[in-house]
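With numbering that gives the first Met the number 0 as the guide, the letters of the sequence shown map in order to residues 0 to 189.
Quick reminder that beta carbons are idealized off the backbone N, C-alpha and C, glycines included.
First comes the structure, then the notes that go with it.
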Amino acid sequence: MLADKFLRDELNKFAKYVIQQSRSNLSKGKKNYSKELYNSLKGNIEVNGKTTSMVFEMADYGKFQDQGVKGKDPSKVSPNAKITGQQAPNSPYRFGTGSKKGTFKQFAKSMASYAQRKGIRFRDKKGRFAKGGYDAVGYVIARNIYYRGIRPSMFFTKPFEAAFKRLPDDLLKAYSVGIEKQIQINLKEL
Numbered sequence: 000m001l002a003d004k005f006l007r008d009e010l011n012k013f014a015k016y017v018i019q020q021s022r023s024n025l026s027k028g029k030k031n032y033s034k035e036l037y038n039s040l041k042g043n044i045e046v047n048g049k050t051t052s053m054v055f056e057m058a059d060y061g062k063f064q065d066q067g068v069k070g071k072d073p074s075k076v077s078p079n080a081k082i083t084g085q086q087a088p089n090s091p092y093r094f095g096t097g098s099k100k101g102t103f104k105q106f107a108k109s110m111a112s113y114a115q116r117k118g119i120r121f122r123d124k125k126g127r128f129a130k131g132g133y134d135a136v137g138y139v140i141a142r143n144i145y146y147r148g149i150r151p152s153m154f155f156t157k158p159f160e161a162a163f164k165r166l167p168d169d170l171l172k173a174y175s176v177g178i179e180k181q182i183q184i185n186l187k188e189l
């Protein structure tokens, strides 16, 4: 019983550290626009018979923020763009492969909303706001993201790996057989 309490205590410390550092990374990395992802982060210890596991939860798009998304074709980005090239060449994700496949039109519309929240608009040569407003800006942003991808932030991965290295030697020795199987990362959709 003492070993089980020790395991639960250490896993709780592990989860609290990972969540706190992940939230901090979101804020520092300016990835905390709506606080939805920030507030969705949870780490739970689950005991089922003799098996103790840890489950991390976050909003579905968190995995894309963490691991990045491969762009469709970086060569199609305007040569005048500030950011060019593939942003996530090693990401397991790419545009159009998710279970919630949306259209480019929907993506551009969401980027137009983002541009409006941030006050991003085009100006003409005289410095006046150009025609097309936020819809035009949304289209340009969406097109650039679609073709070049989303850079990985590793907001969750880095704290998880750091916390894993910090686990006490006693815990690792006592549960060395299958410790990685006991700590399950399950990024559930909220």
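By Cβ distance, which residues of its chain are closer than 8 angstroms to residue i, with the 5 residues on each side in sequence left out?
i: Thr15; result: First, the amino acid is wrong: residue 15 is Lys here, not Thr. Here the set comprises Gly42.
Report the rounded CA-to-CA distance for residue i versus residue j, giving the unit in angstroms.
i: Ser33; j: Ala58; result: 12 angstroms
i: Lys187; j: Gln19; result: At Lys187, the pLDDT of 44 sits below 50, so the modelled position is not reliable; the number obtained from the coordinates is stated separately. Their Cα atoms are separated by approximately 18 angstroms.
i: Thr83; j: Lys164; result: 35 angstroms
i: Lys62; j: Leu25; result: 13 angstroms
i: Asn38; j: Ser23; result: 12 angstroms
i: Ala129; j: Arg7; result: 58 angstroms
i: Phe121; j: Ala80; result: 14 angstroms
i: Lys75; j: Asp3; result: 55 angstroms
i: Leu10; j: Gly48; result: 17 angstroms
Per DSSP, residue i forms a beta bridge with which residues?
i: Gly126; result: Paired residue(s): none; Gly126 is not in a bridge.
i: Ile190; result: This structure gives no information on residue 190, because the portion of the chain shown stretches from 0 to 189.
i: Ile149; result: Val68
Could one say the Cβ of residue i lies closer than 8 angstroms to chain D's Cβ atoms, at least one of them?
i: Gly132; result: No chain D is part of this structure, which consists of one protein chain only.
Enumerate in chain order the residues of its own chain whose CB-to-CB distance from residue i is below 6 angstroms, with the five nearest sequence positions on each side excluded.
i: Phe106; result: Ala141
i: Ala111; result: Tyr133, Asp134 and Gly137
i: Phe155; result: Ser21 and Asp65
i: Glu35; result: Ala58
Which residues in the same chain have their Cβ closer than 7 angstroms to the Cβ of residue i, if we skip the five residues on either side of it in sequence?
i: Pro91; result: Gln66
i: Arg190; result: Nothing about residue 190 can be read from this structure; the chain reaches only from 0 to 189.
Every unbroken beta strand (DSSP E) within the segment 38-106, with a cutoff of 3 residues, ordered by chain: Within the segment 38-106, the complete beta strand (DSSP E) segments of 3 residues or longer fall at 41-47 and 50-56, listed in chain order.
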